[in-house]
Amino acid sequence: MENQYIDKELAAERLRTGQHRAFVGGRWDEIGQLQFDYMVGKGLAPTDRFVDVACGSMRGGRHFIGHLNPFHYFGFDINRALIDAGLTHEIAPLGLLDKIAPGNLVAAEAFAFPTSWRDMDSALALSLFTHLTMNSIALCLRNLRPVMSDGARFYATIFHVSEDNQTARQEQLDGIVTYMCQDPYHYTRGDMDYLAGKTGWRVVDIETFNHPRGQSMVIFETA
Numbered sequence: 554m555e556n557q558y559i560d561k562e563l564a565a566e567r568l569r570t571g572q573h574r575a576f577v578g579g580r581w582d583e584i585g586q587l588q589f590d591y592m593v594g595k596g597l598a599p600t601d602r603f604v605d606v607a608c609g610s611m612r613g614g615r616h617f618i619g620h621l622n623p624f625h626y627f628g629f630d631i632n633r634a635l636i637d638a639g640l641t642h643e644i645a646p647l648g649l650l651d652k653i654a655p656g657n658l659v660a661a662e663a664f665a666f667p668t669s670w671r672d673m674d675s676a677l678a679l680s681l682f683t684h685l686t687m688n689s690i691a692l693c694l695r696n697l698r699p700v701m702s703d704g705a706r707f708y709a710t711i712f713h714v715s716e717d718n719q720t721a722r723q724e725q726l727d728g729i730v731t732y733m734c735q736d737p738y739h740y741t742r743g744d745m746d747y748l749a750g751k752t753g754w755r756v757v758d759i760e761t762f763n764h765p766r767g768q769s770m771v772i773f774e775t776a
């Protein structure tokens, strides 16, 4: 199994005991606010159509839904139970359910984004690529490209390492250790350039991102 988030039985058990916040990695308030502030700083406007890739139980979604115009938030995840937990425990208490269209929250395998999703302005994947192999990242990039408008940007966090350090285990912040061939993964700029070039994107930059575990932000733009 590539990572724990694919294990729906594990997720269901933890969600039954009210652990939807802990399941997506903890630091709920801190990281939820961090990703929202970052995207607003990049110009995310209420009128934008925004895709939250691996939206989970709405750690970031609760902020984005409140900010965006009705029906402009689109959430995608492999695990429907996490989405439902977020709707029940996070979005409903904030009175935001009426800002989400029925087809805007989708759970599917293999990054099978709905064919009805088109002309999105921006997308974000926070702490997703850190758990994925290069082939899975390529699949995500390839399948997301038709969803996005020309010139759109996709922001995704990775553990970024130099080419010289790629094969060795790397100690990150907050006690995290990353690997080339084991979850959690780290990647180089060359890895990202290669994947982008194969899937209809280009890498604009890899930025320092004030993530408490030391993740960096890759900025992809449609090519």
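Residues in the sequence shown are numbered from 554 upward in steps of one, following our numbering.
Where is the CB? At the ideal position from N, CA and C, for every residue including glycine.
Note that the structure is predicted; figures quoted are calculated from it, not measured.
Beta-carbon within less than 8 Å of residue i's beta-carbon, same chain only, minus the 5 sequence neighbours each way: which residues are those?
i	result
residue 714	723, 731, 739, 740 and 741
residue 673	602, 603, 604, 627, 700, 701, 702 and 705
residue 599	620, 621, 622 and 625
Determine the DSSP secondary structure at residue i, reduced to helix, strand or coil.
i	result
residue 684	helix
residue 768	coil
residue 593	helix
residue 649	coil
residue 580	coil
residue 546	Given that the chain is displayed from residue 554 to residue 776, the structure contains no residue 546 and the question cannot be resolved.
residue 612	coil
residue 598	coil
residue 634	helix
residue 554	Bear in mind that the predicted position of residue 554 carries a pLDDT of just 41, short of 50, making it too unreliable to give a figure here.
residue 790	No statement about residue 790 is possible, as the shown extent of the chain runs from 554 to 776 and does not include it.
residue 776	coil
So, under 8 Å CB-CB, residue i and residue j are touching, yes? Tell me the CB distance rounded to an integer number of Å.
i	j	result
residue 640	residue 650	7 Å
residue 762	residue 710	6 Å
residue 695	residue 775	Wrong, their Cβ atoms sit about 12 Å apart, outside the cutoff.
residue 748	residue 687	6 Å
residue 664	residue 692	5 Å
residue 716	residue 750	Incorrect: roughly 17 Å between the Cβ atoms, too far for contact.
Can you find the residues in the same chain that come closer than 6 Å, C-beta to C-beta, to residue i, ignoring five residues on each side of it along the sequence?
i	result
residue 597	none
residue 767	725 and 726
residue 733	719 and 720
How about residue i and residue j: are their beta carbons less than 8 Å apart?
i	j	result
residue 765	residue 583	yes
residue 604	residue 627	yes
residue 606	residue 697	yes
residue 680	residue 638	no
residue 745	residue 756	yes
residue 608	residue 653	no
residue 707	residue 773	yes
residue 660	residue 632	yes
residue 613	residue 589	yes
Grab me the residues of residue i's own chain with a C-beta within less than 7 Å of its C-beta, minus the 5 sequence neighbours each way, in chain order.
i	result
residue 643	610, 611 and 615
residue 760	769, 770 and 772
residue 671	700
residue 690	682 and 748
(request) Can you check the stretch 662-744 for any beta strand (DSSP E) of at least 3 residues that lies completely inside it and give the ranges in chain order? (result) 673-678 and 701-713
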